[in-house]
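Heads up: the structure comes next, in structure tokens.
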Amino acid sequence: MIVAGKQETTRLWWELRSRHFELFVSPLVWDGVALGDHEVSQRRCAIIAGLPVLAVDEQTNRIAEAFMASGAIPARAATDASHIAVATRHGMDFLLTWNCTHIANAQTLKRFNAVTTSLGYELPTICTPDELMEDAND
594 MIVAGKQETT RLWWELRSRH FELFVSPLVW DGVALGDHEV SQRRCAIIAG LPVLAVDEQT
654 NRIAEAFMAS GAIPARAATD ASHIAVATRH GMDFLLTWNC THIANAQTLK RFNAVTTSLG
714 YELPTICTPD ELMEDAND
């Protein structure tokens, strides 16, 4: 039931809110949407097709390594660290995710922010699609 609710919120976000943002993806996002049931993954790939892809480079890798070295995120979650690092490195305003274990987690955001600040970057606002469903100015 929870998964179905998240899927519906995600669908609504893409339908109603996505046009209010300049959207980007990373190769890591492409890897993730390609997983699972072939038909479903093809639909996910079609949704993000044509979006600009942010590069993963040495600086991105250094940021991800710093997240893990600081204990902000465990080494077993290296891909999650890389998602945050890509968004940080490229100066994204938001990182939208349903991963509340390692990414959209209030307990870890302070640690992520400390790392990014020490490296001279600004952490994007990390949130779930629920949190970007409405704009108070709409």
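Just so you know, we're using our numbering here: the sequence shown kicks off at 594 and counts up by one. Heads up, the beta-carbon is just placed ideally off N, CA and C, and yes, glycines get one too. Since the model is a prediction, treat every value here as computed from it, not as a measurement.
If the five residues before and after D650 are omitted, its C-beta is found closer than 8 Å to the C-beta atoms of R682, all from its own chain and listed in chain order.
Contact annotation, L647 with F614: C-beta distance approximately 14 Å; criterion of less than 8 Å not satisfied. Scanning its chain for C-beta atoms nearer than 6 Å, with the 5 sequence neighbours on each side dropped, one finds around M685 the residues P717, in chain order.
In this structure T690 is buried. Its beta-carbon is surrounded by 16 or more other beta-carbon atoms within 10 angstroms. Judged by beta-carbon spacing, A671 lies beyond the 8 Å limit of A659, meaning their Cβ atoms are not closer than that value.
Around the Cβ of V633, a 10 Å sphere holds fewer than 16 other Cβ atoms; the residue is exposed.
Within the model, the alpha-carbon separation for W606 versus K599 is close to 10 Å. If you look at I640, you'll find it in the alpha helix (DSSP H) that goes H631 to I641.
Under the three-state reduction of DSSP, L716 is assigned to coil, being neither helix nor strand. T694 counts as exposed, since fewer than 16 other C-beta atoms from the protein chains shown sit within 10 angstroms of its C-beta.
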